[in-house]
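Chains as they are written, first to last, in our numbering: chain D, 108 to 501; chain X, 108 to 501; chain W, 18 to 271; chain E, 18 to 271.
The structure appears right after this line, and notes come after that.
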Amino acid sequence: MKNFNVNKDGFYGDFGGAFIPEMLFPNINELQKNYIRISESKEFKKEFNQLLHDYVGRPTPLYYAKRLSEKFKTKIYLKREDLCHTGAHKINNTIGQILLAKKLGKKRIIAETGAGQHGVATATVCALMGVECVIYMGEVDISRQAPNVARMKMLGAKVRPATSGSKTLKDATNEAIRDWISNPVDTHYIIGSVVGPHPYPDMVARFQSVIGYETKKQLLKFENTENPTHVIACVGGGSNAAGLFYPFLNNKNVNIVCVEAAGKGVHSGESAATSILGTEGIIHGSKTLLMQTKDGQITEPYSISAGLDYPGIGPMHANLFRSKRGEFISIDDSDAMKWGLILSQMEGIIPAIETSHAFAVLDKMKFNKNDIIVFNCSGRGDKDLDTYVNYFKL
Amino acid sequence: MKNFNVNKDGFYGDFGGAFIPEMLFPNINELQKNYIRISESKEFKKEFNQLLHDYVGRPTPLYYAKRLSEKFKTKIYLKREDLCHTGAHKINNTIGQILLAKKLGKKRIIAETGAGQHGVATATVCALMGVECVIYMGEVDISRQAPNVARMKMLGAKVRPATSGSKTLKDATNEAIRDWISNPVDTHYIIGSVVGPHPYPDMVARFQSVIGYETKKQLLKFENTENPTHVIACVGGGSNAAGLFYPFLNNKNVNIVCVEAAGKGVHSGESAATSILGTEGIIHGSKTLLMQTKDGQITEPYSISAGLDYPGIGPMHANLFRSKRGEFISIDDSDAMKWGLILSQMEGIIPAIETSHAFAVLDKMKFNKNDIIVFNCSGRGDKDLDTYVNYFKL
Amino acid sequence: MNRINQIFERKENLLSIYFTAGFPKIDDTVKIIKELDKSQVDIIEIGLPFSDPLADGPTIQKSSEKALSNGMTTNLLFDQLKDLRKISDIPVVIMGYFNPILQYGIEKFCSNCKDVGIDGLIIPDLPADIFKKNYKIIFEKYKLNMMFLITPQTSNERINLIDDLSKGFIYMVSSYSVTGAKDSFDKYQIEYFKRIKKLNLSNPLLIGFGISNKKTFQTACQNSNGAIIGSAYIKYIENHGVSKTRDFIKLIKD
Amino acid sequence: MNRINQIFERKENLLSIYFTAGFPKIDDTVKIIKELDKSQVDIIEIGLPFSDPLADGPTIQKSSEKALSNGMTTNLLFDQLKDLRKISDIPVVIMGYFNPILQYGIEKFCSNCKDVGIDGLIIPDLPADIFKKNYKIIFEKYKLNMMFLITPQTSNERINLIDDLSKGFIYMVSSYSVTGAKDSFDKYQIEYFKRIKKLNLSNPLLIGFGISNKKTFQTACQNSNGAIIGSAYIKYIENHGVSKTRDFIKLIKD
Ligand SMILES: Cc1ncc(COP(=O)(O)O)c(C=O)c1O
Ligand SMILES: Cc1ncc(COP(=O)(O)O)c(C=O)c1O
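Quick look at the structure:
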């Protein structure tokens, strides 16, 4: 059987690895050597699980969406990551990484953020632990995700604007890496998705895998099976998807569906549909699929949703795509927005625009009556209210 | 032993009852006759509990606030209602009432809202059930709780401004009652707090009592006792407080602390500290304590927090006050705001400004090392970000 | 015998006019009573303004707000009414919400009513049952008639209770709505009027809420003993002045 | 023998100048090389601009952005360099991020480098281990020296690996930082320089990052075989023009 998880060298098939400047070698090496030992220790697991339970609010529900299921004549479940403390799956990972950083003796945390959810999740765990926190965020994202900027400030984090390139997630990541290069000894960089050099993709996927493992347990109660027929998630970097897919990666009976942002249309020049538009290359220390010119200059992506506005995908997903293990669908801005409204008005759940993309596949794929579909409802839409209101002129 | 719960006539001591215009008699009577029968039925309980579990995300955690406990040298627990779907305790009640309304064959829902949390919670359950929804909200509150207005609209509810009086919660309630008078047959009015004519105070308290019952069970695991020494909650109308206090009402070993909004100072003329400033009277169909002139004109209250900006308190709380069963503390705007920031930066939880008021008692009361204090963390502060940001010039 | 009961013995197609005390001007109360007296209305209803009149529509709400900001109080109203019976013999009812009356002191309120010559009370948020249980005895002591409301939803059983408790007339709310002027009645309202009429209650019936013009007044009269006009009158004096009261009444009656 | 190795045999206190190809103007590449040649710098580092230069500070970032928007490409660079060895005998290194090289095709890239007379490469995000495992063989085939970086954090074990793999010099990053001009070194930096010097590595050392003036250049020279200047030079030509290159070099060397 093929293995779709990481191998011992930090690769998923052709993708992954750690293509990092020498300045980061000690940090990455320290992580590579320690992340499994620490995160699999009894003590760590106890602390991690307790915080997920008492602080984050896990397990998040698996919710049978009755009206949606009736409308699409199939069985639709929502894994309610929107109910996590701070409003998205991102905090599963930041809880894990802050505990790891503490065990490694780090005193300062940096992070990049796109939608601001990862920034908020990072600022949150830093407040919880009393650790200094600096968040890099693209200037464009700072203005389109104002509520999350306010939250980070309330939480005591410093928010530093990234002003280069498209001024979005990619550029914020560059800035965070530069900060880390400049502060390698006492700083830990909490990457917010399954991107970056090994061990980040695997580490983040492991911390997020609680999503998938809970789903199995919960589904058993509803459907008398641990395995859905489809798991569906939006893919920015790919962490919410990786978390849901994790326990199903090597189970071919479970269809994996990755939903990317097509922006104004896949071929409009303003898109973030990496699997279609991307080619193999290196971004942020990882070999993966990314959108680039033939000269290897990274293309500026576009999506209405700040969290999907990234020119790459994680190496796990690149491998899912190339191996055809995963189906990739791209959804443009207008379909995503429409589905934000549908989910709000049919199920009373206002999703993050990132999350809305995932649901839009209901218009693109055919499902059978007995299919069991689990959507990762990765985050809530509070941060996106202005965008929704302006878009729909509410 | 004295009973602090409702009696069979709908009174808590001197307070309560149903002082309603004849136009509402059939509706109120229908509720009085049916609410216990329906809500105690096996079928209802199953549906209610399942939605609370799968949709709202209950049980919400009981979280031991480590840094806060260390700072105040006592044991501080937070009941995390902020993690409920839609971001506050309000949805416990709206889930209950929408199920009740369905059993009563109602086709249209109206509600009043102050902070907008109850409006969002109502709009949410209406979307979930596919029922028409109209929300009344004071004009002042519409502008200071803009995110919640946007959410209600996303959810498909109509938001109607109340333009009379202080243009806040009291006036929105008047408008909702007027709507109900005009649409008595097919409409159910989902009141958002333990106010209004009997059976509302008791009905809402029962739906919210899940907060207290969960707390008992959870505390047992942490402290080997089901009973804290103190339960503390903010009181607007009083529903989050009633929900937490419910199982402890008649247990004198548990100290009950109600926190009211002092606005710009209890005696500044701009306050909502009903227990101190109020006298017995009738508001919104219930005999209770309320702020009024000696002529019986209801006074316009003031608080920086829209959810506490109400000139009355529920009859249960009026009775807790008069009987001295509960301790009442009032917190002014600036202390509440300060505590919003403290909770954010010490525990990574940005509370609603309503909720912040409760925590401010940590500066006003002395606790012992072995005290076990449970705060109702009634809601999250996403709706209040603008207010926080402007106040602290973040 | 109470003036209210007398008028129903003497007359048919009664017109009762409601106005808010202290509106448009603080000292209009007596002026309006004089105008209504001159116009030969049959019953006068004086509204004691309340900050939160939850059974009232926008017109009466606004007039109440204005009256309060003009400085209207319960004490002042009684003061204004001290010579009421020197001015007019028309039956006069006070319509007010329960809280201001409660704060004033029910006994004191009733006693003052009696002193100035008020004939009865309408307290929309004092339900018949609570009245019967707690307050009936006081109101009776001061010989004040209590008038209760019925609506299209009120059950026959309850109508009987209300008929028992009411003295003077029953205030028959024309539709599901708060107060406010409407142009016409629909067939469901007419059916409801007829249904109630057939009950042959011991009290006469006045139809209120939504009476605004000659047409609605006449329809009401065909189905009851008369009608109550509030919002339409308030709007009229707001626009044309108190002194034009007689013109308004003519529009309705002639 | 490679020009880089030769220069270290012949000279001490080497000055290596970095500039971004295509900046300030698209066709400045050759002009700058000529100026640097006239100014007698010892090594030239041509930066192949990259959209996401994550080891670089604001100055080099901006120059890269400008160069790309001027239209700089890998093909164009090789085209501009086709007569390199007619213009200058100075050792020339290309510094570029790995992704553009990967997209160009590593073998083709190396082959072109050899053809135009490039002596070596610095690829900051191609770690020594990955290089050794996957790419060493290709670069050696085209006789291109690879220069790796070390930092204050690099362990001795790893320095030995890097010393093994590097041919030409080791790029000794002066501090924890991305590229960018600084005014002086602190005592920890000096200690680090001395610590590395004592290791007696087989490759010579050039200190880079933060060299901006005569003082920092001299300190670097005291502790190594010379220094690399990038940001300070780029700022200078941005402000004064490419033709003033000689003035800049004088400020450093004289
Ligand atoms: C709610 C939500 N969903 C999805 C994403 C995309 O990230 P990822 O693909 O890592 O899950 C984000 C990123 O900010 C997000 O906030
Ligand atoms: C978060 C939160 N807490 C408290 C309140 C006050 O209401 P109650 O006293 O009914 O709990 C509100 C009202 O909107 C609220 O939103």
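Virtual Cβ for every residue (Gly too), placed ideally from N, Cα, C.
Being a predicted model, the structure only gives us computed values, none of them experimental.
Under three-state DSSP, which class holds residue i?
i, result
"Tyr320 (chain D)", "helix"
"Pro304 (chain D)", "coil"
"Ala380 (chain X)", "coil"
"Cys240 (chain D)", "strand"
"Cys341 (chain D)", "strand"
"Val113 (chain D)", "coil"
"Thr294 (chain X)", "strand"
"Glu407 (chain X)", "coil"
"Lys28 (chain E)", "coil"
"Asn357 (chain D)", "coil"
"Phe314 (chain X)", "helix"
"Thr181 (chain D)", "coil"
"Tyr159 (chain W)", "coil"
"Val109 (chain E)", "strand"
"Ser260 (chain E)", "helix"
How far does the beta strand (DSSP E) with residue i in it extend, from its first residue to its last?
i, result
"Ile251 (chain E)", "Not the beta strand (DSSP E): Ile251 (chain E) falls in the alpha helix (DSSP H), residues Ser248 to His257."
"Tyr35 (chain E)", "Leu31 to Thr37"
"Arg267 (chain X)", "Lys265 to Ala269"
"Ser393 (chain D)", "Ser393 to Leu397"
"Asn331 (chain X)", "First-last for Asn331 (chain X): undefined, no H or E at that position."
"Leu222 (chain W)", "Leu222 to Gly225"
"Arg251 (chain X)", "That residue, Arg251 (chain X), is in no beta strand (DSSP E); its alpha helix (DSSP H) goes Glu246 to Arg251."
"Glu387 (chain X)", "Thr386 to Ile390"
"Tyr193 (chain W)", "No beta strand (DSSP E) contains Tyr193 (chain W), which DSSP labels as neither H nor E."
So residue i and residue j are in contact, right, with Cβ under 8 Å, and what is the actual spacing, rounded?
i, j, result
"Gly343 (chain D)", "Gly221 (chain D)", "7 Å"
"Ala369 (chain D)", "Ser437 (chain D)", "4 Å"
"Met112 (chain W)", "Ile139 (chain W)", "4 Å"
"Pro304 (chain D)", "Phe126 (chain D)", "7 Å"
"Asn30 (chain E)", "Gly243 (chain E)", "5 Å"
"Lys260 (chain D)", "Leu501 (chain X)", "4 Å"
"Lys149 (chain W)", "Leu182 (chain W)", "6 Å"
Residue range of the alpha helix (DSSP H) that residue i falls in?
i, result
"Tyr170 (chain X)", "It is not in any alpha helix (DSSP H) - Tyr170 (chain X) instead sits in the beta strand (DSSP E) that spans Leu169 to Tyr171."
"Asn242 (chain W)", "No alpha helix (DSSP H) holds Asn242 (chain W); DSSP gives it neither H nor E."
"Tyr121 (chain E)", "Phe115 to Tyr121"
"Phe132 (chain D)", "Phe132 to Ser146"
"Ser346 (chain D)", "Ser346 to Phe352"
"Ser463 (chain X)", "Ile460 to Phe466"
"Leu450 (chain X)", "Asp440 to Glu454"
Which chain W residues sit within Cβ distance under 9 Å of residue i?
i, result
"Met236 (chain X)", "Neighbours of Met236 (chain X) on chain W: none; closest Cβ ~24 Å, over 9 Å."
Counting only Cβ pairs nearer than 7 Å, list the residues of chain X close to residue i.
i, result
"Thr231 (chain D)", "Gly455"
"Asp489 (chain D)", "Pro254 and Asp489"
"Gln280 (chain W)", "Residue 280 (chain W) is absent from the structure shown; chain W starts at 18 and stops at 271."
"Ser229 (chain W)", "Residues of chain X passing the Cβ test: none, with the nearest at roughly 17 Å."
At a CB-CB cut-off below 9 Å, which residues of chain A make contact with residue i?
i, result
"Glu82 (chain E)", "In the structure shown, chain A does not exist; the protein chains are D, X, W and E."
List the residues of chain W whose Cβ lies closer than 8 Å to the Cβ of residue i, in chain order.
i, result
"Phe179 (chain X)", "Within 8 Å Cβ-Cβ: nothing; Phe179 (chain X) doesn't reach chain W, min ~41 Å."
Give the residues of chain D in contact with residue i, contact being defined as C-beta atoms less than 8 Å apart.
i, result
"Ala257 (chain X)", "Leu492, Asp493, Tyr495, Val496 and Leu501"
"Leu94 (chain E)", "Correct list: empty, because the minimum Cβ distance to chain D is about 10 Å."
Using the beta-carbon of each residue, which ones in chain X are nearer than 9 Å to residue i?
i, result
"Ser260 (chain W)", "Under the 9 Å cutoff, chain X gives no residues; its nearest Cβ is about 29 Å from Ser260 (chain W)."
"Arg175 (chain W)", "Glu129, Phe132, Pro133 and Asn136"
Strictly below 7 Å CB to CB, what residues from chain D border residue i?
i, result
"Pro221 (chain E)", "What Pro221 (chain E) touches in chain D: nothing, since even the nearest Cβ is about 17 Å away."
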